[in-house]
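First up is the structure itself, then whatever we jot down about it.
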Amino acid sequence: MSVPIALEAFHPHALRVLFNPRVRRRPSPAVLALLDAEEVREAQIFIRSWPGYAPSPLRRLDGLADALGLGELLYKDESGRFGLGSFKALGGARAVGWLVARHGTDLTVTAATDGNHGRAVAWAARRFGCRAVIFVHEKVSEGRKRAIAGFGAEVRVAGASYDQAVSACAAEAHRNGWHIVADTAWPGYEEIPRRVMEGYTVLAEEAVQALTAPPTHLVLQAGVGSFAAAIAWSFARRFPDQRPLVLVVEPERAAGCFASCAAGTRTAVSGDLATLMAGLACGEPSSLAWPVLDELAHVFLTVPDEAAIAAMRLLARGTAGDPPIVAGESAVAGLAALVALAHHPELRGKLDLGPHSRVLLFGTEGATDPELYAQLVDETKEPPIAKRPQ
Ligand SMILES: Cc1ncc(COP(=O)(O)O)c(C=O)c1O
């Protein structure tokens, strides 16, 4: 490894790793059928028809790959997606478009959000001509709330966590006859989240188009798991005989997928879910995403906030000739885990990470909260880490 990385900043000792005992080499027919191939195709055609559509860049991080002793490191950079700063437009906006096409514009869509999903739904409501009411929890930053309101949506603050905002949104939707556009599913509510996941498959398809060879590893951050499941599902369909190793990464205190894997069933984690990685601050996996991850994810991992900040800084300054990349807190959980894993001789071996590896990361957001971003990448200042419970 030619370029030393300040490994301590990544807190490798804090990495938690769980190998999934139920992982399957090939997905079961039931999991393959969770998304409908025809709807997936329709979603992709629909999204590609929107004004301003362009595939997001697939960046080569050769310097960093070299520093980590990996063959290839590719970073699908979502920071410019539709000017919204994250991949979320592909899912929430697709679902809003789908609803308007069926019911007309005289409807209200509503969503609970940590920021990015709500912004996408608000953006789509404006674009497709309907009304939006977006629920955020108390910890969502002012910058993110302003961005949502900027698209003409009504923003309501409800509860102390994402899961509480989801409940408030569901209750109000029921009372008022609004259409919930959630990026997570629960038993009895799966049609719209399925539309959302179909939209996310665009990301995988674009990556496949730009790749010269299938990746050996996908490192995917997870909140409710819809994004990771959509990507893992797409690659399993595309490369049934060369399925990449799937690593699912969560913040240490909001690790519902990790907990579900440990329990062998979809499980919610309790606690305040306090993490800087706002987009990943979810306690319970989606009921639609979980069966996919339960079969297709090889490993579940958790990283502390400090590691995410170190990864943001690594990208912000560029490494060994790599161009600087603007990546928000929730975009880098995968990279944070990868850096720690690449330095861990035993896990490196177990996960077959080496000079033959082609690792694909998804930089799922840019500076979606510019003030927070500036604060976190400023290396002269101590980062504002959420307090750990005593
Ligand atoms: C930037 C970013 N990355 C990743 C995710 C995780 O997506 P999911 O909740 O589908 O797991 C989110 C969710 O909001 C996000 O905003």
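Take the sequence shown: its letters are residues 66 to 455, numbered as in the working numbering. Beta carbons: idealized from backbone N, C-alpha and C, even for Gly.
Buried or exposed (CB count within 10 angstroms, at least 16 for buried), residue i
{"i": "V222", "result": "exposed"}
{"i": "K141", "result": "buried"}
{"i": "E360", "result": "buried"}
{"i": "G169", "result": "exposed"}
{"i": "K204", "result": "buried"}
{"i": "A401", "result": "buried"}
{"i": "L403", "result": "buried"}
{"i": "L441", "result": "buried"}
{"i": "N85", "result": "buried"}
{"i": "K446", "result": "exposed"}
{"i": "E390", "result": "A small correction: the amino acid at residue 390 is Ile; Glu does not occupy that position in the sequence shown. I390 should be labelled buried."}
{"i": "A236", "result": "exposed"}
{"i": "A343", "result": "buried"}
{"i": "L437", "result": "buried"}
{"i": "Q307", "result": "exposed"}
{"i": "S67", "result": "No answer about S67 holds up, because its pLDDT of 46 lies below 50 and its placement is not dependable."}
{"i": "S31", "result": "An answer regarding residue 31 cannot be provided, because it is not within the stretch 66 to 455 covered by the chain."}
{"i": "E73", "result": "exposed"}
{"i": "P454", "result": "Legend: pLDDT at P454 = 39, less than 50; position of this residue unreliable, no value from coordinates given."}
{"i": "A95", "result": "exposed"}
{"i": "A278", "result": "exposed"}
{"i": "P258", "result": "buried"}
{"i": "K452", "result": "Unreliable positioning characterises K452 in this predicted model, as indicated by a pLDDT of 48, which lies under 50. The coordinate reading is nonetheless provided below. It is exposed - the Cβ of K452 has fewer than 16 other Cβ atoms within 10 Å."}
{"i": "S93", "result": "exposed"}
{"i": "P77", "result": "buried"}
{"i": "D228", "result": "buried"}
Of the listed residues the options, nearest to residue i (C-alpha basis)
{"i": "E349", "options": "L268, C326, I112", "result": "C326"}
{"i": "W115", "options": "G180, G264, E447, E219", "result": "G264"}
{"i": "A233", "options": "V201, L268, A95", "result": "V201"}
{"i": "A398", "options": "P316, L406, T384, L437", "result": "P316"}
{"i": "Q274", "options": "H282, V334, S299", "result": "S299"}
{"i": "L133", "options": "V424, D434, A439, E430", "result": "V424"}
{"i": "A339", "options": "A320, A238, P305", "result": "A320"}
{"i": "V357", "options": "V82, A225, L100, A71", "result": "L100"}
{"i": "A385", "options": "Q307, Q229, M342, R125", "result": "R125"}
{"i": "D443", "options": "E430, T429, A375, S395", "result": "A375"}
{"i": "K415", "options": "V82, A354, V198", "result": "V82"}
{"i": "G136", "options": "A407, P435, A439, E436", "result": "A407"}
{"i": "A396", "options": "V313, R146, T266, E430", "result": "E430"}
{"i": "G183", "options": "R192, A197, L172", "result": "A197"}
{"i": "H244", "options": "R260, L276, I257, V174", "result": "V174"}
{"i": "F111", "options": "P94, A154, Q286", "result": "A154"}
{"i": "L345", "options": "G419, A373, A218, H78", "result": "A373"}
{"i": "A238", "options": "V267, L172, A293", "result": "L172"}
{"i": "A287", "options": "G148, F365, N241", "result": "F365"}
{"i": "A218", "options": "E255, G180, D228, G242", "result": "G180"}
{"i": "Y118", "options": "E271, A294, M377, A301", "result": "E271"}
{"i": "S351", "options": "D248, L138, V220, S206", "result": "D248"}
{"i": "W163", "options": "L341, R192, G148, D387", "result": "R192"}
{"i": "G145", "options": "S121, G157, D127, D434", "result": "S121"}
{"i": "E104", "options": "T266, K210, C195", "result": "T266"}
{"i": "A166", "options": "T433, P305, C195, D387", "result": "C195"}
{"i": "V314", "options": "R240, R378, H363", "result": "H363"}
{"i": "L380", "options": "G128, A102, L97, A98", "result": "G128"}
The alpha helix (DSSP H) enclosing residue i, as first and last residue numbers
{"i": "A233", "result": "227-241"}
{"i": "Q109", "result": "102-113"}
{"i": "F323", "result": "321-328"}
{"i": "F193", "result": "181-193"}
{"i": "E411", "result": "410-415"}
{"i": "R211", "result": "207-214"}
{"i": "L400", "result": "398-407"}
DSSP bridge partner residues for residue i (one or two, in chain order)
{"i": "Y254", "result": "W251"}
{"i": "E371", "result": "Partner(s): none; E371 has no beta bridge."}
{"i": "D306", "result": "According to DSSP, which records beta bridges pairwise, D306 is partnered with nothing at all."}
{"i": "H244", "result": "V174"}
{"i": "F427", "result": "K141"}
{"i": "R124", "result": "Y140"}
{"i": "F365", "result": "L83, V313"}
{"i": "S352", "result": "In the DSSP output, where bridge partners are listed per residue, S352 has none listed."}
{"i": "S151", "result": "E430"}
Delimiting residues of the beta strand (DSSP E) encompassing residue i
{"i": "Y438", "result": "Careful: Y438 lies outside any beta strand (DSSP E), inside the alpha helix (DSSP H) at 435-442."}
{"i": "H282", "result": "282-286"}
{"i": "F200", "result": "196-201"}
{"i": "L155", "result": "That residue, L155, is in no beta strand (DSSP E); it is neither H nor E in DSSP."}
{"i": "R90", "result": "That residue, R90, is in no beta strand (DSSP E); it is neither H nor E in DSSP."}
{"i": "V220", "result": "219-222"}
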